[in-house]
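Okay, structure first, notes after.
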């Protein structure tokens, strides 16, 4: 009987499966939920059943609207079983079939939802969606005897709350990776239950020699463990949230339990590998994903995830090999193109990266991640308008995508639109108040606008969230320098250096603050350390040369200016300063030559002064 779902605010599916029985005798022995306390019941079955009893499945459907407005569906499956199936296996089969049938019935409700209709999902995808958003609850299990036949009863229910369901459906539809996980588990579940059906049919036809009985018993036991393993996989999958496992340790424990029950389960190895990857235990991740591929060489998700791990390991060629294989196995998966685009981006192959992100968008036009990442590549190529277009689309698809706001703000900053940049950083922070990049970038815009107090406030917020955020100390030092607070500038730059001793710019700028304070020897030390870290740091050579000039050490100064010019032959400031050093040391010929070269490059100030003083013709 079809439910009138649209009239129901709360829908409960209750499915009763009775294995090997008619209606239960009230006087029969009830084991209740003590799942291991079954030996007596099985012994009675073995000693009293003289002839093979065929597995017979009978189903009945009933539905009713109770007074509190809840719709109740009851399904009963009656099945006779033989001695090859243990009570525990019978329980697993009962629960497995109960969940399957309840989810199929609940799936008819999901099909009526506008979100699902717009998604144009196939039937197996709707079932995967049902697995992901609906909670099946086993409300009772019991064993009893119907005459000489051992029986198992399982009752399962699903509560459908439309008010909460829409958000869960929307979230899962946006998380294609998780939906794919559920789809794979659901397909395996259907295949496993079909195999159990086939085993039961074969069991009915066997003449049941001792060897055949033992083989059949092993097959049923293996199927029972595999079915139980799927339950652990689903428990682990339920911990997936926003691209990672919310509790990876627990997820790993669940998947490990599944592997112990079913050592050939590629899904369990894949999911455990993903969990290890989320914990940055990449070698363990590779080991698990490689095992999954050994078990199922056509499992696209295993290649996809191993390729992703290789990206994190910086092994981009291996990543491309795996992701190419994933695309070949599942050419309609937008995630494989997305991550292959990441690999190409890391290798500097920007055009191929854009092509893959574009392909991902063609397959899934609502894939906000693809727009976001393509926008990043456009930004790297200096195509800021195209980047903004992609960030706009990502935000349109996901209004809470704070990273897209942050990156769009950066594009506006590049385009010289500081207020729009600030507005975007502020919107990102409204969504995620702990977005240190948004605070840092906004602080930078404030600094360039001369709003130093607001800039200091933003960098201090960064450091409150992350006390080891090196660039925040560095930028704070620049702000203090611009404010004329030189001691605070030195302290901030020193902190940046303590956190990153090889931060060349921090050494250079701290040296510059010392130079402003006329502490030239300490300035030279800072510039020298910057040059040690970066031997092509032209500005450090220039400023060290200026410091030497201020100490009247013109020969050392000229050597530094020479090195700056070797690195950058058109460095106008270096020609100006070297010319001045030559003139101050009485070397008018090279001094005038440098003054003329500086003028050719656009700075005629030194030449004008030298001519006025009669030093140059």
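Residue numbers (mature numbering (1 follows the signal peptide of the UniProt record, and there is no 0)): -26 to -1, 1 to 591. Beta carbons are placed, not taken as given, at the ideal position from N, Cα and C, and that holds for glycine. In this text, all values refer to a predicted model and were calculated from it rather than measured experimentally.
Selection 295, 440, 259 and 243 evaluated against residue 210 yields 243 as nearest (Cα-Cα). Per DSSP, residue 443 is not a residue of any alpha helix (DSSP H), being assigned neither H nor E.
Around residue 276, the same chain offers 244, 263, 266 and 267 as residues with beta carbons nearer than 6 Å, after the five sequence neighbours per side are excluded.
As the crow flies, the alpha-carbon of residue 516 is around 6 Å from that of residue 548. Boundaries for residue 527: no alpha helix (DSSP H) harbours it, and the DSSP string shows neither H nor E there. Distance check between residue 366 and each of 355, 356, 354 and 350 places 350 closest, using alpha-carbon atoms only. Shown here for residue 220: same chain residues with a beta carbon closer than 6 Å to its own, the five before and five after excluded, namely 213 in chain order. Residue 543 and residue 575 have their C-alpha atoms some 11 Å from each other. Secondary structure at residue 341: coil, using DSSP grouped into helix, strand and coil. In the three-state reduction of the DSSP assignment, residue 218 falls in the strand class. Residue environment for residue 370: exposed (fewer than 16 other C-beta atoms within 10 angstroms of its C-beta).
Under the DSSP assignment, residue 573 falls in the alpha helix (DSSP H) whose first and last residues are 562 to 574. Within its own chain, the residues whose Cβ lies closer than 8 Å to the Cβ of residue 358, once the five positions on either side in sequence are excluded, are 352, 385, 388 and 389, listed in chain order. Look at residue 425 here: in three-state DSSP terms it is coil, with no helix or strand label.
In this structure, residue 309 lies near residue 278, with their beta-carbon atoms less than 8 Å apart. Listed in chain order, the non-local C-beta contacts of residue 474 below 8 Å within the same chain comprise 444 and 480, local neighbours out to five positions each way being set aside. 8 Å or more divides the Cβ of residue 452 from the Cβ of residue 423.
Residue 168 and residue 335 have their C-alpha atoms some 36 Å from each other.
Here DSSP, grouped into helix, strand and coil, assigns residue 553 to helix. The three-state reading of DSSP puts residue 202 in helix, counting H, G and I together. Nearest to residue 232 by alpha-carbon distance, out of 450, 258, 204 and 224, is 204.
The shortest CA-to-CA distance from residue 529 to any of 558, 199 and 250 is the one to 558. Ranking 356, 343 and 270 by CA distance to the CA of residue 379 puts 343 first. Shown here, residue 392 sits in a helix according to DSSP, grouped into three states. Here residue 584 is not near residue 572, since their CB atoms are 8 Å or more apart.
Burial state of residue 282 is buried, judged by a 10 Å Cβ sphere holding 16 or more other Cβ atoms. Residue 450 places its beta carbon less than 8 Å from that of residue 430. Relative to the Cα of residue 526, the nearest Cα in the group 550, 560, 348 and 399 belongs to 560.
For residue 558, the secondary structure class from DSSP, reduced to helix, strand or coil, is helix. A straight line joining the alpha-carbon of residue 589 with that of residue 580 spans about 11 Å. The residues 504, 507, 508 and 511, in chain order, have a CB closer than 7 Å to that of residue 478 in the same chain once the five nearest residues on each side in sequence are set aside. By the Cβ neighbour-count rule, residue 222 is buried, with 16 or more other Cβ atoms within 10 Å of its own. By the criterion of a C-beta distance shorter than 6 Å, residue 330 is surrounded in its chain by 311, 314 and 315, once the five residues flanking it on both sides are discounted.
Going by DSSP, residue 295 is part of the alpha helix (DSSP H) stretching over 290 to 303.
Nearest to residue 489 by C-alpha distance, out of 476, 217 and 464, is 464. A distance of 8 Å or more separates the beta carbons of residue 238 and residue 274.
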